[in-house]
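Count along the sequence shown from 1, then add 10; that gives the number in this note's numbering.
Just so you know, even glycine gets a beta-carbon here, dropped at the ideal spot from N, CA and C.
All values reported here derive from a predicted model rather than from experimental measurement.
Worksheet for the structure shown next.
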Amino acid sequence: MLTSKDCAEALGISTRTLDERRKAAIDCPEFIEAKKGIMFPVQNVVNYQLEKSKQCIKVDY
Numbered sequence: 011m012l013t014s015k016d017c018a019e020a021l022g023i024s025t026r027t028l029d030e031r032r033k034a035a036i037d038c039p040e041f042i043e044a045k046k047g048i049m050f051p052v053q054n055v056v057n058y059q060l061e062k063s064k065q066c067i068k069v070d071y
């Protein structure tokens with residue numbers, strides 16, 4: 011389980027950006043609302059990154 015800070019760091023975005031995306035329910039990994047706050051299961055973050063990478067354009071130099 012990752013905290014918002016850890017998840018944002020793994021995604022390369024700020025915690026504030028992640029929280030805004032989560033609240034708007036757009037472009038954000040699936041999360042769980044726990045007693046201690048918002049938690050992101052690692053497998054959901056990895057799946058999110060894989061899906062995002064499939065949407066990228068490959069550029070050959």
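Residue i - DSSP class collapsed to helix/strand/coil
i     : result
Glu4  : The displayed coordinates of the chain run from 11 to 71. Any statement about residue 4 would go beyond what the structure contains.
Gln65 : coil
Tyr58 : helix
Buried or exposed by the 16-neighbour rule on C-beta atoms within 10 Å, applied to residue i
i     : result
Cys66 : exposed
Leu60 : exposed
Ala44 : exposed
Ala18 : buried
Span of the beta strand (DSSP E), counted from its first residue to its last, around residue i
i     : result
Gly47 : Gly47 to Phe50
Own chain residues within Cβ distance below 6 Å of residue i, not counting five before or after
i     : result
Asp37 : Arg31
Enclosing alpha helix (DSSP H) for residue i [first to last residue]
i     : result
Asp16 : Ser14 to Leu21
Ala34 : Thr25 to Ala34
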